[in-house]
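Student: I am attaching a structure below and will ask some questions about it afterwards.
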Amino acid sequence: MEDKPDLGNVMAMISFAAVVSTGGFSSAAKLLGYSKAAVSRQIAKLEQNTGVRLLDRTTRSVALTPAGREMYARCARIVDEVNEANQIITGMVTKPRGDLKVNAPVVASLFDLTSIIPRFLQTYPEVRLLLNLSDSKVDMLKGRFDVAFWVGAPFDSSLESVRLRVYPMALVAAPDYLERSGRPTSPNDLKDHTCIVETHLSPVGEWRLSDDISVAVNRGPLTSNSVRMAREATLQGLGVSFLPRFLVEDDIEAGRLETLLTDTVTQSIPLHIIFPRGNFALSKVRAFVDFVRSEMVEGNDGGQGATLGLASAI
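Structure representation (structure tokens):
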């Protein structure tokens, strides 16, 4: 038999969120238009259904239990989404508000995101942005991220994507490694070299140096999904890496790394902003995507120009 949603439990969650946000049962009852006794019954029902105590009550105050804190984080999000859904349906969205959960690469500062995001929050003070830094593929639905930044081709056809910038790649190695192992003079020479493999940007065992040239490479002592780890291993002379040039530009200029096969390597990688289908209807998501696009158009373009345009991406 197909399970049916417990709509009463949803109302209990909304009542619980109101008690916490307003600080008490009386104020929550006033906010919701219920009696204090009705709100109390809803909270009791929620505690009974979950099997845990959510609130510690005294005659003067109400405090969250550890389980209550976990529950409130989710209930508050439900309230925000219900409110915004109602606003969208009635055509009364006037400004972005509520929690916006964003995932970005660990090297977000190199994409200017750590400066763009504070400017966005100054522009939209009613948005509360929760930023998670991770280089791993993000399950947008299971992880409940509203939007995410992704380096490389979008990995899930169920997600909408907007390409923000493209970044040239570079084949690099430390001078001491090249002294020991020699300098490759053709793509085929890479099969004889120790390679530091970064799995986020390239398939394991293969580097696409240009649109026409892909080479098989030997896995060296390190395989990682972190470009920062791959860069550090390369600086330590552990092998050859294939990385975004902006990540190693300072190392190249300082002589800590040398570029290889510069006439061959023409490949670039894109930076996308991705989000679940339908999320662009939410004003907070729409404002964030538009703001980031605008900021990145005005900034540098990673060396090869920015390709933008939400209409063509959705």
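The sequence shown begins at 409 in this note's numbering and counts up by one. Backbone N, C-alpha and C define an ideal beta-carbon position, used for all residues, glycine too. In this text the structure is predicted, and so the values were computed from the model without any measurement.
1. Measuring CB atoms only, is the segment 472–480 touching the segment 437–445, in the sense that at least three cross pairs come out at less than 8 Å?
2. In or out: residue 494 buried (at least 16 other Cβ within 10 Å) or exposed?
3. Residues bridged to residue 704 by DSSP?
4. Quick test of the definition: if touching needs 3 or more C-beta pairs under 8 Å, does the segment 630–644 touch the segment 520–532?
5. Would a C-beta distance cut-off of 8 Å place residue 696 and residue 553 closer than the cut-off?
6. Under DSSP, the alpha helix (DSSP H) around residue 457 begins and ends at which residues?
7. Alpha carbons only, please: which of 648, 593, 637 and 636 is nearest the one belonging to residue 613?
8. Enumerate, from N- to C-terminal direction, the unbroken beta strand (DSSP E) stretches of 3 or more residues contained entirely within the segment 464–541.
9. So, at 6 Å on beta carbons, what are the nonlocal neighbours of residue 678 in its own chain, with the 5 sequence-adjacent residues on each side left out?
10. Touching or not, the segment 581–589 and the segment 629–637, by the rule of three or more beta carbon pairs under 8 Å?
11. For the alpha helix (DSSP H) that contains residue 641, what are its first and last residues?
12. Measuring only the C-alpha atoms, how far is residue 675 from residue 533?
13. Over what stretch of residues does the beta strand (DSSP E) that includes residue 616 continue unbroken?
14. Compare the Cα-Cα distances from residue 465 to each of 484, 505 and 424 and report the closest residue.
15. Can a CB atom of chain B be found closer than 8 Å to the CB of residue 429?
16. Can you name, in chain order, every residue of its own chain whose Cβ lies under 7 Å from the Cβ of residue 531, other than the five neighbours on each side?
17. Hey, how far is the Cα of residue 427 from the Cα of residue 448?
18. DSSP three-state label for residue 462, please.
Tutor: Result, derived from the coordinates:
1. no
2. exposed
3. DSSP, once it has assigned bridges, lists no residue as partnering residue 704.
4. no
5. no
6. 444–458
7. 648
8. 470–472, 506–512 and 535–541
9. 571 and 574
10. no
11. 635–643
12. 40 Å
13. 614–616
14. 424
15. The structure shown contains no chain B, having only a single protein chain.
16. 699
17. 9 Å
18. coil
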